[in-house]
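Student:
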Amino acid sequence: MAPVRVHADRAAATLELEWPDGHVTFYDFETLRWLCPCAYCRGEAGIPGWLDSNPQLTSIQMQLTDLALVGTYALQPTWADGHHTGFYTFARLREECPCPADTERRQKERAAHGDHAGQRRLG
Ligand SMILES: [Zn+2]
Ligand SMILES: [Zn+2]
Numbered sequence: 005m006a007p008v009r010v011h012a013d014r015a016a017a018t019l020e021l022e023w024p025d026g027h028v029t030f031y032d033f034e035t036l037r038w039l040c041p042c043a044y045c046r047g048e049a050g051i052p053g054w055l056d057s058n059p060q061l062t063s064i065q066m067q068l069t070d071l072a073l074v075g076t077y078a079l080q081p082t083w084a085d086g087h088h089t090g091f092y093t094f095a096r097l098r099e100e101c102p103c104p105a106d107t108e109r110r111q112k113e114r115a116a117h118g119d120h121a122g123q124r125r126l127g
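For the sequence shown, the numbering used here gives the first residue as 5, with consecutive numbering after it.
1. Since THR29 and CYS101 should fall inside the 8 Å C-beta cutoff, what is the C-beta to C-beta distance between them, to a whole number of angstroms?
2. From what residue to what residue does the alpha helix (DSSP H) around TRP38 run?
3. Whose CA, out of HIS87, GLY75, MET5 and LYS112, lies closest to the CA of LEU55?
4. Where DSSP assigns a beta bridge to GLY47, which residues make up the other side?
5. What residue from GLY50, ASP106 and TRP38 has the CA that sits closest to GLY90's CA?
6. Pick from LEU97, ASN58 and ILE64: whose alpha carbon is nearest that of GLU22?
7. Going by alpha carbons, who is nearest to MET5 out of ALA105, GLY26, GLU99 and ALA95?
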């Protein structure tokens, strides 16, 4: 499902996506940077990625400088530190929507699957 509208607001540091069903998803750039799905950030073949080490992100690393469309299925942000290897699929951007309704939905789904990670309190 591709969004009908994508708007990156650099001044507000937010990415807005409007979906065909009318739902609107807002990501702040920090949340978006933490979601980077690339092998460097996420790791591969069982090796932890950079984000798994819980790094302290700098303002440069959370600053979006460019946003490219990859085919019809993903967005590829470029960050001010030069990082640009993450392909954020629309499916994932919709799934990880940080709005209260979707947060609650994910928690219910995780509880239903017996995975209590969604209930863990951070910090
Ligand atoms: Zn990455
Ligand atoms: Zn949502």
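Here a beta-carbon is modelled for each residue, glycine too, at the ideal position from N, C-alpha and C.
Tutor: So, from the listed chains and residues:
1. Working through the sequence shown from its first residue, we reach residue 29 at position 25. Working through the sequence shown from its first residue, we reach residue 101 at position 97. Indeed they touch by this definition, with Cβ atoms about 4 Å apart.
2. Here residue 38 corresponds to residue number 34 of the sequence shown, with the count starting at 1. Taken as a continuous stretch (DSSP letters only), the alpha helix (DSSP H) holding TRP38 covers 33-38.
3. As a first step, residue 55 must be located in the sequence shown, where it is residue number 51. For LEU55, the nearest C-alpha among the options comes from HIS87.
4. The residue you call residue 47 lines up with position 43 of the sequence shown. GLY47 is bridged by DSSP to PRO52.
5. As a first step, residue 90 is located in the sequence shown; it is residue number 86 there, counting from the start. Of GLY50, ASP106 and TRP38, the residue nearest in Cα terms is TRP38.
6. Counting from 1 along the sequence shown, the entry for residue 22 is found at position 18. For GLU22, the nearest C-alpha among the options comes from LEU97.
7. As a working mapping, residue 5 is identified with position 1 in the sequence shown. The option with the nearest alpha carbon to MET5 is ALA95.
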